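In this note's numbering, the protein residues as written are 598 to 692. The C-beta atom is built at its ideal place from N, Cα and C for all residues, glycine as well. Keep in mind that this is a model prediction, so the values were computed, not measured.
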Ligand SMILES: *Cc1c(COP(=O)(O)O)cnc(C)c1O
């Protein structure tokens with residue numbers, strides 16, 4: 598797990614920061630150079646961790662699999678939390 602909270606667009610001896618760990622985190626807190634008040638991103642650099650990251654993002658559910666039509670109902674399948682950025686914060690960040 599790489600803490601790249603304050604390293605967006607940074608590099609180390611060539612490769613981009615956020616690309617060294619299996620997972621990396623970015624922060625969009627108001628003290629960072631790209632910010633939207635609060636929030637962040639999880640960079641998943643290993644394909645086998647994508648589903649686990651989706652479950653954590655979706656409050657511990659397989660909701661994204663349901664949204665893709667892969668399961669007929671969603672349920673709680675593992676640890677997770679409410680880490681979803683608000684639409685307003687995302688729109689600010691996109692701008
Ligand atoms: C800011 C920062 C954090 C914390 O980020 P939050 O989005 O406030 O949780 C962690 N690690 C580093 C290196 C930081 O600069």
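Excluding the 5 residues flanking it on each side, residue 662 has same chain C-beta neighbours closer than 6 Å at 668, in chain order.
Under the Cβ criterion (8 Å, minimum of three pairs), the segment 672-684 counts as touching the segment 636-656.
When DSSP states are grouped into helix, strand and coil, residue 674 belongs to the coil group. For residue 624, the enclosing beta strand (DSSP E) starts and ends at 620-624. Residue 606 is positioned such that its CB atom lies no closer than 8 Å to that of residue 623.
For residue 603, the Cβ falls inside the 7 Å cut-off from some heavy atom of ligand 1.
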